[in-house]
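Taken in order, the sequence shown gives residues 918 to 1294; the numbers are from the working numbering.
Cβ coordinates follow ideal geometry from the N, Cα and C atoms, glycine included.
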Amino acid sequence: MYKDLERQVISAGKCVMCGTCVSACPQDLLAVDEWGKRIVCVGKCPIDCKVCTDICIGLHPIEVDSSEIFGAFSEVVHVQSLMGDVKQYSYFQYQPIHRSLGDIAKPKSGVVSSILIYLLQEGLVGCAVVAGRRQDEPWRPSPAIATNRNEVLYASGTKPFHCPTNAVLINAVANFDRVALVGLPCHIEGARRLAGRYREFQEHIAYLIGIPCGNILSRDLFTKQAVEKGIDVEEIVAVDFDNAVFKEEVPLNNLGMYIVTRDGRRHPLSLNEFKAAMAKECIGCKDFSAEYSDLSVATLGAPTGWSTVFIRTRRGKELIEDMVTKGLLIKRQFVYEKVKDKAKLAAQAEMVWLKSQPKTWMSIVTQALIKRARIYY
Ligand code: SF4
Ligand code: SF4
Ligand code: SF4
918 MYKDLERQVI SAGKCVMCGT CVSACPQDLL AVDEWGKRIV CVGKCPIDCK VCTDICIGLH
978 PIEVDSSEIF GAFSEVVHVQ SLMGDVKQYS YFQYQPIHRS LGDIAKPKSG VVSSILIYLL
1038 QEGLVGCAVV AGRRQDEPWR PSPAIATNRN EVLYASGTKP FHCPTNAVLI NAVANFDRVA
1098 LVGLPCHIEG ARRLAGRYRE FQEHIAYLIG IPCGNILSRD LFTKQAVEKG IDVEEIVAVD
1158 FDNAVFKEEV PLNNLGMYIV TRDGRRHPLS LNEFKAAMAK ECIGCKDFSA EYSDLSVATL
1218 GAPTGWSTVF IRTRRGKELI EDMVTKGLLI KRQFVYEKVK DKAKLAAQAE MVWLKSQPKT
1278 WMSIVTQALI KRARIYY
């Protein structure tokens, strides 16, 4: 019953807002509240149902392959999009009020957008389920179903906050024969669980494209940090980052994250400010790189304008090969061990920070995070 989900997950601070339970509920009773912050029940549950607690990512965190930092993959390559102007667009081109901010929040490499546009244009999928943007707070994500190029580009760009993307998967599989999902590791795992339980998801989900996720920001803690920095939250239009932490030349304590306000100014967010705003619901999550996706697409370790792509399944491999053959992507090999070493260093740096934290109310959170960081080296 919902009250079990409420007690064991939502009120217990374990809900990572993946949205999977909304698509899983056989009675269609679950929904995301209007603020995108909580899963609510809009009816009376049958007494013997426990689908939502069974499938819940917060209650049953993802199991990962602890022997390999990025999980299992058949190939890892650097990929660049050759689809001309895909990299030139961001959400802000589509918003007259923000058009002057057009340069902000452009895709880092455009690889994910290019893949989705290709899949849609070739008819390989009918839609892509993605994290779009809220109208009222464009820096926050909101689940979206993209069916064409413009809708894909409209949703592009970084939004490092929880997004109940999987809540709209049920609508996607009900209306389209083949569906692509772009999501964080919890969304990918949620989609796998839905496909394992229900035939409609198994038959209709065609591609799972994972975006690695180390940590995500809590909306409430982030806005507190922004206010402390003297930023008017109403003026925020984007939160973006250079993912500089994994670049060769950048020190590990440089996060490269910044807040963008309506006047076009960038306000850097320090590593400590980021950590203070991290979502505590995510402390049980150990899947960094979306190990159960067909493809994981990351900026880590990639030169500017390129992505690092972990090819994990045959269908993922065929997709990349087809796009390369058609001249839409270019790929090249690189020294994977260097990325791996850098990621280990980042995990070790996180451990040092975690161990330096005061043993106050933070201590439980800290201990759990230490457990998680320990996996990675
Ligand atoms: S999945 Fe079952 S228990 Fe959960 S809200 Fe739906 S009907 Fe209720
Ligand atoms: S399935 Fe996801 S959204 Fe639903 S309660 Fe669990 S963690 Fe929250
Ligand atoms: S850390 Fe990222 S992938 Fe893991 S549960 Fe939180 S939002 Fe999802």
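Minimum Cα-Cα distance from G936 among the listed residues I1032, L1086 and R1182 corresponds to L1086.
Taking every protein chain shown into account, the CB of E985 has fewer than 16 other CB atoms within 10 angstroms, so this residue is exposed. If one requires a minimum length of 4 residues, no alpha helix (DSSP H) run lies completely within the stretch 1198-1233. A direct Cα-to-Cα measurement between L1262 and V1269 gives close to 11 Å. In terms of Cβ geometry, S991 and K1257 do not form a close pair [threshold 8 Å].
In terms of Cα proximity to A1061, the closest of D1053, S1031, P1081 and P978 is P1081. Check the Cα spacing between S1026 and each of G1040, V1047 and D1002: the tightest is with D1002. CA-to-CA, the gap between P1185 and I1148 works out to about 11 Å. L1236 and A1097 have their C-alpha atoms some 12 Å from each other. Contact annotation: V1177 and P1077 have beta-carbon atoms that are not nearer than 8 Å. Placement of the Cβ of L976 at a distance of less than 7 Å from at least one heavy atom of ligand 2 is found.
I974 carries a coil assignment under DSSP once its states are collapsed to helix, strand and coil. Distance from C969 to L922 at the Cβ level is roughly 5 Å; contact confirmed, criterion being Cβ atoms closer than 8 Å. Set against 7 Å, the gap from the CB of P1060 to the closest heavy atom of ligand 3 is not smaller.
In the DSSP annotation of this structure, the continuous segment of the alpha helix (DSSP H) that includes I1105 starts and ends at P1102 to R1114.
Counting along the chain, T1178 sits inside the beta strand (DSSP E) bounded by residues M1174 to T1178. Taking C-beta atoms as the reference points, I1105 and A1207 count as a pair closer than 8 Å. Each residue's CA atom was taken as its position, placing N1067 and F1158 some 23 Å apart. DSSP places V1047 in the uninterrupted beta strand (DSSP E) bounded by C1044 to R1050. Per DSSP, D1002 is not a residue of any beta strand (DSSP E), being assigned neither H nor E. Annotation for C966 indicates a beta carbon at 7 Å or more from all heavy atoms of ligand 2. By a beta-carbon distance limit of 8 Å, G1074 does not contact G1100. Their separation comes to about 15 Å. Spatial neighbours of D982 in its own chain (CB-CB distance under 7 Å, excluding positions within 5 residues in sequence) are listed in chain order as G988, A989 and E1208. Of the candidates Q944, N1189 and V994, V994 places its Cα closest to the Cα of R1249. By the neighbour-count criterion, in which a residue is buried when 16 or more other Cβ atoms sit within 10 angstroms of its Cβ, I972 is buried.
In terms of side-chain proximity, the C-beta atom of N1132 is found nearer than 7 Å to a non-hydrogen atom of ligand 3. With a cutoff of 7 Å, I1105 does not count as near ligand 2, since its C-beta is closer than that to no heavy atom of the ligand.
In the DSSP assignment, V1028 falls within the alpha helix (DSSP H) that extends over V1028 to Q1038. In this structure, D1204 lies away from R1229, with their beta-carbon atoms at least 8 Å apart.
Distance from the C-beta of P943 to the nearest heavy atom of ligand 1 is below 7 Å. Nearest in C-alpha terms to C938, of all of C958, E951 and I964, is C958.
Residue state for V1096 is assigned as strand, using DSSP reduced to three classes. If you look at S1059, you'll find it in the beta strand (DSSP E) that goes P1058 to A1063.
The residues R955 and I956, in chain order, have a CB closer than 7 Å to that of I927 in the same chain once the five nearest residues on each side in sequence are set aside. Boundaries around V1144 are those of the alpha helix (DSSP H), R1136 to E1145, since no beta strand (DSSP E) includes it. Scanning I974, E1120, C932 and S1059 for the CA closest to the CA of W952 turns up S1059.
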